[in-house]
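Below is one structure, written out as structure tokens; comments come after it.
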Amino acid sequence: MKLTEWTMEEQEQLIHFMTTNTWPYHGNSHPVRELIEKTIEEGGYQSDEVKTFWVENDEDEKVGIVKIYDLQDDIPLFDLRIADEARGRGYGPLALKKITEYVFNLPEGKIRLEGHTRQDNFAMRKTFERAGFVKEAQLRQAWFSPKESSYYDAVTYGMTRDDFMKGTSTPVKWDDDFHIIEKVKEELVFPEEFYTERLIIRAPKVEDAEAVQRAVVASQDALKDWMPWAQEKESIEQRVRNLRQAVADFITRKDLRLHLFLKETGEFVGCSGLHRIDWDVRKFEIGYWIDSKFEGKGLMTEAVERITTFAFEELKANRVEIRCDSENVRSRSVAERLGYTLEGTLHHDSLSADGKSLRDTCIYAKTKSKGVA
């Protein structure tokens, strides 16, 4: 089996091949001469973007044709057609392997090769599988058949450069982390807003951006001592982007940021939440910062106490941690007032918020057996 590049001198042979064979799973099952001529004239078979090859068997018989297109892109596509009389002889997978070899040996270093077919084109689907391609998608009612005036599902198969080089076929991991997190979500339906005597604690919203921005700007000097993200002033646009990500992370349960507001006035007080989540262990870390004008009122202690209860009761936590710089006296006092156990101090464990010196990290924790049960 080999691929031989088609040339313009072979125009009549191409037209004959395309018009005397049937293509039941293509948009045009019986293309006419005029259409092929027009496609050739417009560079549809030979250009900087397209190359066409004859598929020849070991007896040098032309048993098929393949068009590789989008050659200027990192991810080319192809259209492989085997002649009626040559089908069922195993030429398809052999040809596709040759196509794959050609694409990944191009000097540009293509990263993947993909192809699409109708869902019920079982011969082509077998061709993909036997050539080591992996099914990556099924698109519902995405393939229109003019002859039948109806839609079929389409399937996408792909081969990555890594798999080609290693001679492997890596299956798509359909049950990826997102779906695991979704399963956790279904199992744990919990409130996104709860309360203390003085506070409303709820999931973040994009419309909180201006209130958060005012609090950060007003408290920048205090926050800079302990928060790496507070070293540089962020614009309101950056704050909005940050909040959009926080909202997305809350929805997918990757991170549970929480905003604190005074019940009485609705003023934004500060930010806390459950971070570095391990859903397998059911382990969470509480972080927090407060607008400087609300310091010394016990509001953050009140919030962290309620969030700790929320973690154990609603999220079935086995462990909740508070980690802070050993010199952050205010943060340490919150953990100590709430009965968190100092499990250890990691010496020279991290850099200071400004990245200029080594600091020690204190690890406080509550566990299910000793925490809120």
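Last residue of the sequence shown: number 373 in UniProt numbering, and the count goes up by one each step with no gaps.
Glycine included, C-beta positions come from ideal geometry on N, C-alpha and C.
Rounded to the nearest whole angstrom, the CA to CA distance from T345 to D360 is 7 Å. For Q220, the uninterrupted alpha helix (DSSP H) run begins and ends at 220-223, by DSSP. Comparing alpha carbon positions, the residue from H347, V55, N242, S145 closest to D325 is H347. Put simply, the backbone Cα of D349 is about 16 Å away from that of L342. Between G88 and the set A211, K283, K67, M124, the nearest pair of CA atoms involves M124. Secondary structure remark: continuous alpha helix (DSSP H) runs of at least 4 residues inside the stretch 185-218, in chain order: 209-218. Sequence-distant Cβ neighbours of Q11 in its own chain, meaning closer than 7 Å and more than five residues away, are I40. Taking every protein chain shown into account, the CB of V334 has 16 or more other CB atoms within 10 angstroms, so this residue is buried.
For H16, the enclosing alpha helix (DSSP H) has its first and last residue at 11-20.
Taking D120 as the centre and dropping the five residues before and after it, the same chain places the C-beta of Y152 closer than 7 Å to its C-beta, in chain order. Annotated as proximal: K51 and I68, with beta-carbon spacing under 7 Å. Only residues of its own chain outside the window of five on either side were considered, and among them D249, H275 have a CB closer than 6 Å to the CB of D255, listed in chain order.
Buried is the label assigned to E302, since at least 16 other Cβ atoms lie within 10 Å of its Cβ.
The beta-bridge partner set that DSSP reports for Q138 consists of V155.
With a minimum length of 4 residues, the unbroken runs of alpha helix (DSSP H) contained wholly in the stretch 18-61 fall at 33-41.
The continuous beta strand (DSSP E) containing S272 extends over residues 268-278. Sorting E192, K224, Q238 by C-alpha distance to the C-alpha of E314 places E192 at the top. Taking 7 Å as the cut-off, the Cβ atoms of L3 and F78 do not count as close. DSSP links T345 through a beta bridge to C362.
Each of K97, P76, I65 was checked against the Cα of A86, and the nearest Cα belongs to I65. Taking the Cα of V172 as reference, the smallest distance to any Cα among V320, A137, P107 is reached at A137. A direct Cα-to-Cα measurement between V134 and P93 gives close to 13 Å.
In this structure, A230 is the residue among A209, A230, Y91 with its C-alpha nearest to the C-alpha of D354. The Cβ-Cβ distance between A246 and P204 falls below 7 Å. R81 counts as buried, since no fewer than 16 other beta carbons sit within 10 angstroms of its beta carbon. Cβ atoms of I290 and V304 stay farther apart than 8 Å, at about 11 Å.
In the three-state DSSP reduction, R253 falls in the coil class, being neither helix nor strand. Excluding residues up to 5 positions away in sequence, R359 lie with their Cβ nearer than 6 Å to the Cβ of S352 in the same chain. Taking all protein chains shown into account, F144 has fewer than 16 neighbouring C-beta atoms within 10 Å of its C-beta and is therefore exposed. For E129, the enclosing alpha helix (DSSP H) begins and ends at 122-130. Of the candidates D208, E232, G298, S47, S47 places its Cα closest to the Cα of E5.
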